[in-house]
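A.B. asks: Residue numbers (the UniProt record's numbering): 1 to 422. Don't be surprised by glycine CBs; every beta carbon is placed ideally from N, CA and C. Model, not experiment: these values are computed from the prediction. This is the structure I want to talk about, given as structure tokens.
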């Protein structure tokens, strides 16, 4: 915060104090212009706080005003610093640990897995499951049982009849309620992503329809009753028809944790990060179409669109670029680079025939090119964690521009034999 910015904020603060004591209004609201003007200038300074919350931000300023006995004779920079510190402390004081609980319906899991902030629990008797949840959360077993019974009766009757995932999330309760469903949904798709990227196979039984009532709710458990609640999305896709024992390996746990931190929690993204986030979102939509709705045509369209969004935006010859560049960036076991390029080329033609001629693509079980497309899309998402090592960015250069230049070097090197490829 520079001197000019401080000067403007202090001026708005003086106007707010004069308004506050002149009108005698103990709780200013958003109809009061001096109050709104002060909030708007203070917000950019505090919004980056790890536990920022709109409600606490506004309430903290009201509490500060209520604590004043009269109009100060003068306003100093120290008083402004004290207000900012007061609000920041309230963010820290009011945060709490929450536990996001949801069933991984349709999944297979042979033993419990815990790592970082995540717990994956095998299906067991309801009493044993509640006992285990109580042990993990350090919440009284009776209270946990009562809350989860309420979840079953009011939301999802088969909530505890599958393997369960628990995510530890420390934040303001308001923020948790807004984000719980999305954190759960991302987590399910991270599992699919890792499963796809490393070419894992699940039992044929995972393809069967689940017998439980489909769940679309995330239970939020915390030590204070008022913080407990539920998050819901009408179009949630929390089914997870995968064998999940691979998550017992530290390698995949680290990848999952990195994905969660980068795509589920990180709000400080630059343009290139948003590119990869968009790639992940489109991949996730493709997974829903393929694994839940069994619509391979839309899955093909979404996976191709995802790759285009990262690699060929603003470029011509998209089919050629994808077929040429992707084998230079990722590899698939047992498939040579030229074979991978041929498969991508064929898939893009299938995409064109579907989009422009309405021809539904056919994928055989023995030679399912869509499996390969799903895999390379997942591998491209994981490329996010290597991208800084690939870019030849000059100091201060926009990373997205550096990424575009890198892709052009790769493509031109293949086509014309120019420059450094990788």
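Could you tell me the boundaries of the alpha helix (DSSP H) in which residue 415 lies?
C.D. replies: 399–416
A.B. asks: Out of 63, 138, 231 and 271, state which residue places its alpha-carbon closest to the alpha-carbon of residue 86.
C.D. replies: 63
A.B. asks: When you compare the CB positions of residue 38 and residue 16, do they come within less than 9 Å of one another, or not?
C.D. replies: Yes; because the gap between Cβ atoms is below 9 Å, this pair is in contact.
A.B. asks: Taking only runs of the alpha helix (DSSP H) that begin and end inside the stretch 275–351, which ones reach a length of at least 4 residues, in chain order?
C.D. replies: 296–311 and 318–329
A.B. asks: Please report the straight-line C-alpha distance between residue 368 and residue 250, rounded to a whole angstrom.
C.D. replies: 30 Å
A.B. asks: For the candidate residues 107, 119, 60 and 66, whose alpha-carbon lies nearest to that of residue 94?
C.D. replies: If you compare the alpha carbons of 107, 119, 60 and 66 with that of residue 94, the shortest gap goes to 60.
A.B. asks: Using the Cβ count rule (16 or more neighbours within 10 Å means buried), how would you classify residue 286?
C.D. replies: By the neighbour-count criterion, in which a residue is buried when 16 or more other Cβ atoms sit within 10 angstroms of its Cβ, residue 286 is buried.
A.B. asks: Below 8 Å, how does it come out for the stretch 214–227 and the stretch 266–280: are there three or more Cβ pairs, yes or no?
C.D. replies: no
A.B. asks: Under DSSP, the beta strand (DSSP E) around residue 96 begins and ends at which residues?
C.D. replies: 96–103
A.B. asks: Are the beta-carbon atoms of residue 35 and residue 28 separated by less than 9 Å?
C.D. replies: yes
A.B. asks: Under 6 Å Cβ to Cβ from residue 23, same chain only, skipping five residues before and after it: list those, please.
C.D. replies: Once the five neighbours on either side are set aside, residue 23 has no close Cβ partner at all.
A.B. asks: Where do the N-terminal and C-terminal ends of the alpha helix (DSSP H) with residue 130 fall, by residue?
C.D. replies: 126–137
A.B. asks: Can you find the residues in the same chain that come closer than 7 Å, C-beta to C-beta, to residue 232, ignoring five residues on each side of it along the sequence?
C.D. replies: Cβ neighbours of residue 232 beyond the five flanking positions: 181, 216 and 217.
A.B. asks: Report the rounded CA-to-CA distance for residue 100 versus residue 165, giving the unit in angstroms.
C.D. replies: 8 Å
A.B. asks: Confirm, please, whether the CB-CB distance from residue 132 to residue 121 is below 9 Å.
C.D. replies: Taking a C-beta distance under 9 Å as the contact criterion, residue 121 and residue 132 qualify as a contact pair.
A.B. asks: Closer than 8 Å to a non-hydrogen atom of the ligand ADP - does that hold for the CB of residue 202?
C.D. replies: Here there are no bound small molecules, and the ligand ADP is not part of this structure.
A.B. asks: If you scan the stretch 170–235 from start to end, which runs of the beta strand (DSSP E) of 3 or more residues do you find wholly inside it?
C.D. replies: As far as the stretch 170–235 is concerned, its whole beta strand (DSSP E) runs of at least 3 residues are 217–221 and 229–232.
A.B. asks: What does a CB cutoff of less than 8 Å around residue 205 pick up in its chain, not counting 5 residues either side in sequence?
C.D. replies: So the list reads 108, once near-sequence residues are dropped.
A.B. asks: Where residue 318 and residue 156 are concerned, what is the direct C-alpha to C-alpha distance, given to the nearest angstrom?
C.D. replies: 45 Å
A.B. asks: Looking at the secondary structure, which residues open and close the alpha helix (DSSP H) in which residue 46 lies?
C.D. replies: 33–46
A.B. asks: Check whether the Cβ atoms of residue 244 and residue 139 sit closer than 9 Å, and answer yes or no.
C.D. replies: No, they are not a contact pair.
A.B. asks: Here's the rule I'm using: 16 or more other beta-carbon atoms within 10 Å means buried, otherwise exposed. How should residue 421 be labelled?
C.D. replies: The predicted position of residue 421 is uncertain, since its pLDDT is 46 and thus under 50; no value can be drawn from it.
A.B. asks: Is the stretch 404–417 in contact with the stretch 306–325, if contact means three or more CB pairs nearer than 8 Å?
C.D. replies: yes
A.B. asks: When the Cα atoms are used, what is the spatial distance from residue 385 to residue 259?
C.D. replies: 9 Å
A.B. asks: Mapping the DSSP letters down to three states, classify residue 358 as helix, strand or coil.
C.D. replies: coil
A.B. asks: For residue 119, name the three-state secondary structure that DSSP assigns.
C.D. replies: strand
A.B. asks: Quick check on residue 429: buried or exposed, where buried means 16 or more other Cβ atoms within 10 Å of its Cβ?
C.D. replies: The first residue shown for the chain is 1 and the last is 422, placing residue 429 beyond what the model contains.
A.B. asks: Tell me the residue span of the alpha helix (DSSP H) that contains residue 13.
C.D. replies: Its alpha helix (DSSP H) spans residues 3–23.
A.B. asks: Beta carbon of residue 410, beta carbon of residue 329: below 9 Å?
C.D. replies: yes
A.B. asks: In whole angstroms, give me the CA-to-CA distance for residue 5 and residue 42.
C.D. replies: 10 Å
A.B. asks: With respect to the alpha helix (DSSP H) encompassing residue 151, which residues constitute its N-terminal and C-terminal limits?
C.D. replies: It spans 141–154 - the alpha helix (DSSP H) in which residue 151 sits, taken as one unbroken run.
A.B. asks: Alpha carbon to alpha carbon, how far is residue 2 from residue 66?
C.D. replies: 28 Å
A.B. asks: Rounded to whole angstroms, what is the Cα-Cα separation between residue 419 and residue 376?
C.D. replies: The pLDDT assigned to residue 419 is 49, lower than 50, so where the model puts this residue is not dependable; a value taken from the coordinates is nonetheless given after this. Near 25 Å, if we compare the C-alpha coordinates of residue 376 and residue 419.
A.B. asks: With distances taken Cα to Cα, identify the nearest neighbour of residue 126 among 136, 173, 149 and 349.
C.D. replies: In terms of Cα proximity to residue 126, the closest of 136, 173, 149 and 349 is 149.
A.B. asks: When burial is assigned at 16 or more other CB atoms within 10 Å of the CB, is residue 18 buried or exposed?
C.D. replies: exposed
A.B. asks: Kindly give me the distance between the Cβ atoms of residue 312 and residue 221, rounded to whole angstroms, as I take these residues to be in contact under 8 Å.
C.D. replies: The pair is not a contact, with the Cβ atoms about 45 Å apart (cut-off 8 Å).
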